[in-house]
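Enquirer: Below you will find the structure I want to go over with you.
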Amino acid sequence: MFFALSVATTYVLTNIDGLFAFLALAATGRKPAAIIGFLLAQVVVIGGAVLVGSGAAVLAPADLGLLGLVPVALGFREVLKNRRKSEQVEDRKPAPGSIIGVVALFLALSTDTFVLMATFFADTRAELDHFVLSGALIAVAVLLAFGTILSRLLKPTPATERFFERLAPVVMIAAGVYILMDTQTDVF
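Quick look at the structure:
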């Protein structure tokens, strides 16, 4: 059970950016779309991670840790993107869109979670996969409950949005380094 809670904690930490996207969407009156989009995106993330993790059995175990390069690269990409954004001051409001657009937003924010979960499924013994899945489901429930409660209490400000836009890449890079260091590749 401790392992499931570890997975849940990791899942929540890599979804902090998604939580604030949820709050931003809810603050603009799109709470139902945020809830549905978040849940659909998490089904895709967890389902895809199970498939990739299962397929990783054909990979050499020493190569699994190299999946950590993905969130590191994405994190550095986000840092560069944020740097360019700060050079171009723009005041834009989220445009209303479809649930498909909301799902796409949450999927884009969940690439680090996907890589972590795929690694968990690939790197653990098959008999422990139910703990990984349990942890992921606990995390989704916690994130959804927390987001719903916070959306009632808080209204995101541009300053908090900017803060979390800058924090998200750091979380991705740290998660990628963790994967690289805590697998059989032990790159560092």
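Just so we're aligned: the sequence shown equals residues 1 to 188 in the UniProt record's numbering.
Glycine included, every Cβ here is placed at the ideal spot set by N, Cα and C.
I need the boundaries of the alpha helix (DSSP H) containing residue 98, first residue and last residue.
Expert: No alpha helix (DSSP H) contains residue 98, which DSSP labels as neither H nor E.
Enquirer: In angstroms with no decimal places, state the Cα-to-Cα distance between residue 150 and residue 12.
Expert: 15 Å
Enquirer: Reducing DSSP to helix, strand and coil, say where residue 186 ends up.
Expert: Caution applies to residue 186, whose pLDDT of 44 falls short of 50 and renders its modelled position unreliable; the value that the coordinates give is listed next. Looking at residue 186 - three-state DSSP - the assignment turns out to be coil, as it is neither helix nor strand.
Enquirer: Please state the DSSP three-state secondary structure of residue 157.
Expert: Note: residue 157 maps to coil in three-state DSSP.
Enquirer: Between which two residues does the alpha helix (DSSP H) harbouring residue 54 extend?
Expert: 31-55
Enquirer: Relative to the C-alpha of residue 3, which candidate in 162, 143 and 123 has its C-alpha closest?
Expert: Closest option to residue 3, Cα to Cα, is 123.
Enquirer: Which residues bound the alpha helix (DSSP H) around residue 6?
Expert: 2-14
Enquirer: Taking only three categories from DSSP, how would you classify residue 84?
Expert: helix
Enquirer: Where does residue 110 sit, in a helix, a strand or coil, going by DSSP?
Expert: coil
Enquirer: Closer than 7 Å by C-beta to residue 42: which residues in its own chain qualify, once you throw out the five before and the five after it? Chain order, please.
Expert: These residues qualify, in order along the chain: 140.
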